[in-house]
Amino acid sequence: MPHGACFHAVFMREALSFALTTPGSASMGDVLYVTGTIVFFVLMLAYVRGCARLGRDARDESELS
Amino acid sequence: MTVAGWVQILFFSAAVLVITKPLGIYMLRVYDGSCMWLRPLEQWLYRLGGVDPADDQHWTRYAASLLLFSAASMLLTYLVLRLQGVLPLNPQHFGGVADRQAFETAASFTTNTNWQSYAGESTMSYLSQMTQLAFHNFASAASGMCAAMALARGIARRSGGRLGNFWTDLVRGTLYLFLPLSVLLALLFVQQGVIQNVAHNITVTTLEGVRQTLAMGPVASQEAIKQLGTNGGGFFNANAAHPFENPTPLSDFFSMLAIFAIPAALTCTFGRMVKSPRHGWALWTAMYTLFLGGVVITWAAEARGNPIHASHGVDVVASDFNPGGNMEGKEVRFGIANSALYAVVTTDASCGAVNAMLDSFTPLGGLVPMVNIQLGELIFGGVGSGLYGMLIMVVLTVFIAGLMVGRTPEYLGKKIQAREIQMAMLYVLALPATILLLSAASSVLPAGLAGVHNRGPHGLSEILYAFSSTTGNNGSAFAGLAGATYYYNTAFGTATLIGRFALIVPVLALGGFLAEKQPVAQSAGTFPVTTPLFVILLVSVILIIGALTFFPALALGPVVEHYLLISGQIV
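Protein chains in written order, with our numbering: chain U, 45 to 109; chain R, 425 to 995.
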């Protein structure tokens, strides 16, 4: 692992550990809910691409027929 | 069923009819850019956001902009709710909102649902209410309008899949429509006695000598956009049944009119956009027919009352001194007819504000609000979402009519082909799939059953209503379900997100596909969409799709409960 990436990983682990163990600060729930929200919207963007592709395929089929 | 009740319903109907055309024409001017009385502010906002208002976005970019705006604003709200304990404007010194409730609330308000598993007056700081929840009341309503306008443009014009500019539509809807109307309505509410302050809560001694805390807050300003934007989240836990939120019959009337005003007027806006005002009125008529049917059934069920009460000698017949019927969970000052009317208005639209507790309605009285949501809240519906939900049904109706005569279906000069029907079906299937799957899971999982306060069919009705309300982005509750748990907060938050965005994407795709099509000239084989026959067919398609999808679940819930009630049994 490159030195910079190693430092980054350690920093993230320590920051996460601090956030999850300090009373009154972030919880594991925060991590899950924020990550889940981001994943949901990424999936929705993929859904947009999927619909666009479905539309192109259906148009090509109708033009062929 | 009383004369006063009929007068209320007819007066309300007349007010909705009267407001449709002028507001519809005004909205047309707002969204085509010819309304310019706040032009300097509008231009400044575009410069601030780096938006080129002339940029006509392809539907995929339009959808991505909507999704990114929603994601960013939802995450910001989550952060503020979690940190409200250390932020200003918190005179009650409330702590941060729990993570599960912050997620659910952020998702719920971003999606125009406003489902609340907390008491607003004892959980949210004024900062959270005024900067986050009120912001979403405006932004989520404006986003819904964006989607409707985009679909309407797709139908109305040929532009290679381009549907306008999301940021322009968002700014115009907020600046020219929601802000001015909500200021006007807030002033009307204040005049009627709705409170508006940022003071500490007041502790008073009641006539019985009991000490009671009266919650204060900026209620009128929240109340106005809550109704106009069909948001529904109450400042107080009792929502519009609270005297500080809805103090008079006139404030009650304005509330209901505000819920229906924009969705009704959108039919006129759409009719003029597609150069067929009569088609707009045909949509209005279909919506009104379904609305009136719902009101009459709910009112009749509530006015008839509970037969078990009657068998025990309780007088359930209306008279000058007794409202009769089922008054459980209703405000005496509003009565049965008004409570039924409010319940139907709020569930026809995606509002969710309530002035009576739906859990206390009779089984049939509670069935109608539930069905209204399950049909997709297209009976006038939410701001924007009502129109695009109805247009999806119109596409299906035209498709079915085309199949009947063996021609390629056309809608306003655009051919309806495989990909348009695929998008319509994605829309139609996503809602019931989410509602029914999550309801089924919650009916068997221990975490789901732990929140149910009633056994038997009423317990199932509570679960079914909750997932219908959250997925349908309504936000009203049967209120018999303990939703403040990790399981329900997470499930409801997720349901609101799916119910909003998994439906908006195919709507925008449909608009984009239609915008790519070359219009065809009308011929003798074109199914007319301005006639009574079209209205009848449209209403039938809506009811049949709803009945086929939800009847089995409804049969196990409110329908069984109704038959138990009339046979004198309580589970």
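Every residue, glycine too, gets a C-beta built ideally from N, C-alpha and C.
- Rounded to the nearest whole angstrom, the C-alpha separation of R/Met498 and R/Thr627 is 35 Å.
- R/Ser784 counts as buried, since at least 16 other C-beta atoms from the protein chains shown sit within 10 angstroms of its C-beta.
- Residues of chain R with a Cβ closer than 9 Å to the Cβ of U/Ala90 do not exist, since the nearest Cβ in that chain sits about 10 Å away.
- Between R/Leu927 and R/Tyr987 the beta-carbon gap is near 34 Å, outside 8 Å, which marks them as no contact.
- In this chain, the alpha helix (DSSP H) harbouring R/Thr592 covers 590–596.
- Going by DSSP, R/Leu462 is part of no alpha helix (DSSP H) at all; its letter is neither H nor E.
- Under the 8 Å Cβ criterion, the region 78–85 of chain U does not count as touching the region 726–736 of chain R, having fewer than three qualifying pairs.
- In this structure, the beta-carbon distance from R/Met680 to R/Val795 does not fall below 9 Å.
- If you compare the alpha carbons of R/Arg728, R/Ala777, R/Ser900, R/Gly875 with that of R/Ala761, the shortest gap goes to R/Arg728.
- At least 9 Å separates the beta-carbon of R/Phe678 from that of R/Gln620.
- Chain-ordered, the chain U residues with CB closer than 8 Å to the CB of R/Val929 read Met88, Tyr91, Val92, Cys95.
- Between the region 433–451 of chain R and the region 687–702 of chain R there are three or more C-beta pairs closer than 8 Å, enough to call the two in contact.
- Under the 9 Å criterion on CB atoms, R/Thr547 is classed as non-interfacial with respect to chain U.
- Listed in chain order, the alpha helix (DSSP H) runs fully inside the region 824–869 of chain R are 842–868, counting runs of at least 4 residues.
- For the region 510–536 of chain R, the residues whose beta carbon sits under 7 Å from a beta carbon of chain U are, in order, Asp523, Arg524, Phe527.
- Cβ atoms of R/Gly717 and R/Gly568 stay farther apart than 8 Å, at about 25 Å.
- R/Pro642 is bridged by DSSP to R/Gln620.
- The C-alpha of R/Gln942 is placed about 52 Å away from the C-alpha of R/Phe660.
- Close to R/Leu491, with beta-carbon spacing below 7 Å, are these residues of chain U in chain order: Phe85, Met88, Leu89.
- R/Pro976 sits exposed, since fewer than 16 C-beta atoms from the chains shown fall within 10 Å of its C-beta.
- Using a Cβ-Cβ cut-off of 8 Å, U/Thr79 is close to nothing in chain R; its nearest Cβ partner there is about 11 Å away.
- Neighbours of R/Tyr502 across chain U, judged by C-beta separation under 9 Å: Asp74, Tyr77, Val78, Thr81.
- Between the alpha carbons of R/Phe925 and R/Ile994 lies a distance of about 40 Å.
- At a cut-off of 9 Å, the C-beta of R/Phe937 has a neighbouring C-beta in chain U.
- With respect to chain U, the C-beta atom of R/Tyr910 has a partner C-beta closer than 9 Å.
- Cβ neighbours of R/Gln651 within its own chain (closer than 6 Å, five residues either side excluded): Ser679, Ala682, Ile683.
- Counted as a single uninterrupted DSSP element, the beta strand (DSSP E) harbouring R/Thr627 occupies residues 626–629.
- Contact note: R/Ala915 does not reach chain U at a C-beta cutoff of 8 Å; the least C-beta distance is about 12 Å.
- For R/Leu905, the three-state secondary structure derived from DSSP is strand.
- For R/Gln432, the uninterrupted alpha helix (DSSP H) segment begins and ends at 427–455.
- Cα atoms of R/Val819 and R/Asn536: separation of roughly 25 Å, rounded to the nearest angstrom.
- In the structure shown, the three-state DSSP call for R/Thr637 is strand.
- Between the alpha carbons of R/Gln432 and R/Phe745 lies a distance of about 19 Å.
- For R/Ile960, the number of other beta carbons within 10 angstroms of its own is below 16, and it is reported as exposed.
- Sequence-distant Cβ neighbours of R/Ile845 in its own chain, meaning closer than 7 Å and more than five residues away, are Phe823.
- The beta carbon of R/Trp591 lies closer than 7 Å to those of Gly473, Val475, Ser489 in the same chain, with the five residues before and after it left out.
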